[in-house]
Structures are given as structure tokens and as C-alpha cells.
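> Going by my numbering, the first residue of the sequence shown is number 243, and it counts up by one from there.
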Amino acid sequence: MKQTNLSIFIPHKGCPNTCSFCNQRFISGSERAPTPEEVRAVLASQVNILSQSGLKAEIAFFGGSFTAVDKDYRRALLYAASEYVKEFPEQYAGIRCSTRPDCIDENILDELKLYGVTAVELGAQSMNDEVLKANLRGHTAEDVRKASRLIKSYGIELGLQMMTGLYQDKPSYCLDTAREFASLKADTARIYPTVILKGTMLDELREQGVYESFSFEDTVDLCAKLLLFFEENNIPVIRLGLHASEGVEEQMTGGVYHQALGDIVKSRIMLMKMREQINRLGGRRFVVYTDKRNIGTVIGHCGENRDLLAEEGITFKIKEKSGEYLEIKAAPQKLKQ
Ligand code: SF4
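1) Nearest to residue 297 by CA position, among 248, 319, 259, is which residue?
2) Beta-carbon within less than 8 Å of residue 274's beta-carbon, same chain only, minus the 5 sequence neighbours each way: which residues are those?
3) Excluding the 5 residues preceding and the 5 following residue 315 in the sequence, name in chain order all residues of the same chain whose CB lies nearer than 7 Å to its CB.
4) Using CA atoms only, rank isn't needed, just tell me which of 323, 387, 419 is closest to residue 367.
5) Evaluate residue 244 with the Cβ neighbour count: other Cβ atoms within 10 Å of its Cβ, from every protein chain shown; 16 or more gives buried, anything less gives exposed.
6) Beta carbon of residue 305, beta carbon of residue 251: below 7 Å?
7) On the premise that residue 373 lies in contact with residue 411, defined as a C-beta separation below 8 Å, what is that separation, rounded to the nearest angstrom?
8) How about residue 377 and residue 509: are their beta carbons less than 7 Å apart?
9) Note down, in chain order, each residue of its chain lying with its Cβ closer than 6 Å to the Cβ of residue 512, except the 5 sequence neighbours on either side.
10) Using 10 angstroms around the beta-carbon of residue 385, count the other beta-carbons present and answer buried if the total reaches 16, otherwise exposed.
11) In the DSSP assignment, find the beta strand (DSSP E) that holds residue 479 and state where it starts and stops.
12) Pull up the DSSP beta-bridge partners for residue 388, would you.
13) Taking the alpha carbon of residue 361 as the point to measure from, which residue in 392, 406, 369 has its own alpha carbon closest?
14) Tell me, to the nearest whole angstrom, how far the beta carbon of residue 571 is from that of residue 507; I am working on the premise that it is less than 8 Å.
15) Quick check on the DSSP output: the alpha helix (DSSP H) that includes residue 473 runs from which residue to which?
16) Return the residue from the list 517, 456, 428, 387 that minimises the CA-CA distance to residue 475.
17) Within a Cβ cutoff of 6 Å, which residues of the same chain sit near residue 285, ignoring the five residues on either side of it in sequence?
18) According to DSSP, is residue 243 part of a helix, a strand, or is it coil?
19) Between the C-alpha atoms of residue 318 and residue 347, what's the straight-line distance to the nearest angstrom?
20) Thinking residue 389 and residue 364 are a contact (beta carbons under 8 Å), I'd like their distance in whole angstroms, please.
21) Does the distance from the CB of residue 497 to the CB of residue 437 come in under 7 Å?
22) Is the stretch 514–523 close to the stretch 487–494, with three or more CB pairs under 8 Å?
23) Of the residues 340, 295, 279, which one's Cα is nearest the Cα of residue 246?
24) Where residue 402 and residue 432 are concerned, what is the direct C-alpha to C-alpha distance, given to the nearest angstrom?
25) Taking DSSP as the reference, what is the three-state secondary structure of residue 345?
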């Protein structure tokens, strides 16, 4: 059965920090935290929809630092969610939440375990202490390591989230962060290229001319490398880029945001794989054999791969071949491109 997340946003509540990039009001789209009754109503309304669509959902408390919100409120939310997991096990697979690495300890994990939380995602953002400090994260890379090991020791799934292009960041630091995620045995990862929002410290630094996030092109290249790395290390990347939201689009002043970022990065990975084979073969005209569902990725977002290769005088024709498959052969001499 296919699994999905039923996300319930718990905005800024309980967070004493002001990270350089964060403006929770715009990311979560609302400043008001839902009451436990409202959560119950959402969960009740989704039972039939999930049954009909053949999907099973994890109830996901995202948006802020869930383990740092008011204890009674948090427990009431967890209780409401746990009731639905017990009553509708075919529709609800478990509970997940996101939080800061320094808001995890044994007491919290005992509580999460008690209510049946199955996954915790940590907003690590970077494993470089200079980057963490420059962006006022208020925790260190060592906090991420400690929290990650503790979560794993409770048998809870570990998700690690990273950002690219923060103040003082470098692509090499992002690749180091991914390597650390793998050594911490992350079960899932999320990659968020930095989006600069109005009213944040990053926006001020941008206005002062002392900060610019990575360019769109550099971000696509970097994310392609990160995705490949996580794929090689069997770590599913469950999100790349912020979800589409009017709040983000209205409040964005810089950084990288594109509704089709995931597709663009996948196309870039395909281009990298194609180049490898093309370079090995040599020549200028090729036939690409690939599965029907990969054709769009081979051609690239808005034909980008085709255009980029054409600029180098390389052309290709696509032939369908079923399976997880990409093979490139030199085109026969007489083949018209
Ligand atoms: S810890 Fe999370 S919620 Fe708090 S300011 Fe930082 S990013 Fe925002």
C-alpha cells in the first residue's frame, strides 16, 4: 500500500530561536496552532478519502519545533493522533514530527514512544559549525550527532533535513553534511535550498550586499550530486525544495524556489548519466534507449537536456525500451536526427 504524509502544521509555537532564514508565519501559511479538536476533525475527514485512494498516511506534526511546544498541548495532539492510529490502522500508519536537534532527550523520546511516534525528523540544516553559528541556529553539529544516535537507539526512524546556500555556506560543506547524514544512518533525508524571505536576517544581509544564496544553476548541480549520493547510500530523499505555497512566493526576496525543482534536478542527474556514456562512446549523434516514463527526464525540463547537448553539437533520438533503463548507442550513420 502506498504511503503518504498527512501534514499538520504547528507554527513557531514554543520556539525561542530566530534562525537567519526562518519566518514560520509564511512557511506554514498560518500563525494559529490547531487545537486537538481541530486535529481530530482533520483526521476524521480523511479516513474515507484514504480508504478510497488506497493510501496509508503518517500523521505528521511539522512546521516548528514540535518537541519544544507546550507540554500539555503537545501531549493532547499526540493523544488525538494516537487514537486515530489505533482506531484506523488501515488508514493511519503512525505519527511523525519534526524538531530541532537540541530539543531531543530521553524524556522526550520516552513520551514520543509512549504515543506511538514512529519517525522524528531533525532540522540539522548543516553539519558545519561555522554555518550553524553564522545562521543563528543555536545548536552545533555535535547536537545533531547526539540527537540522531539517541533517536536511533529508541528504534524510531530518523529523518535529517539539510539546507543548501545558507549564509557562509559552500557546496563542499553541503556534500560533507550529506556524508555525515549517511554515517549517522539517516532513514530519510530532506533537502531545502535556501529561500530568502522578507523580514529574516538573510534578507537583511542580502540587502546589505554581504550575502547571496547559491545561484539556481549551482543549486541544481549540487542537488543532483546530493540526490545521487543519497541514492547510492539507500537514503530516500522524501522532499527536495519547499512545498508550493503562495506565502513563500509572495514573501520571497531571493534564494532558490521553483515548483518543479525536483523534476529539474532529476533531469540534471539524467544529463550527468547521459554525458558519462556519451563521453565514453565519443561522437556527436546518438540513440537513447529508455523506458517510456523516463522520456521527459531524458529530454529535460522544457527540453533543457536536449538544448544543452545541442549547444555542444550533440544530438540524440529516443527509442523506447521498457524497464529501469538508460542505454546510449552511437546513431547509425544514415540515421536522420
Ligand atoms: S528553530 Fe525552527 S521554528 Fe525556530 S526559528 Fe529556527 S527554523 Fe524557525
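Backbone N, C-alpha and C define an ideal beta-carbon position, used for all residues, glycine too. None of these values were measured; they are calculated from a predicted model.
Here's the rundown:
1) 248
2) 253
3) none
4) 419
5) exposed
6) yes
7) 5 Å
8) no
9) 539, 540
10) buried
11) 479–482
12) Bridge partners of residue 388: none, in fact.
13) 392
14) Not really, about 26 Å apart at Cβ, beyond 8 Å.
15) 458–474
16) 428
17) 326
18) coil
19) 20 Å
20) 6 Å
21) yes
22) no
23) 295
24) 6 Å
25) helix
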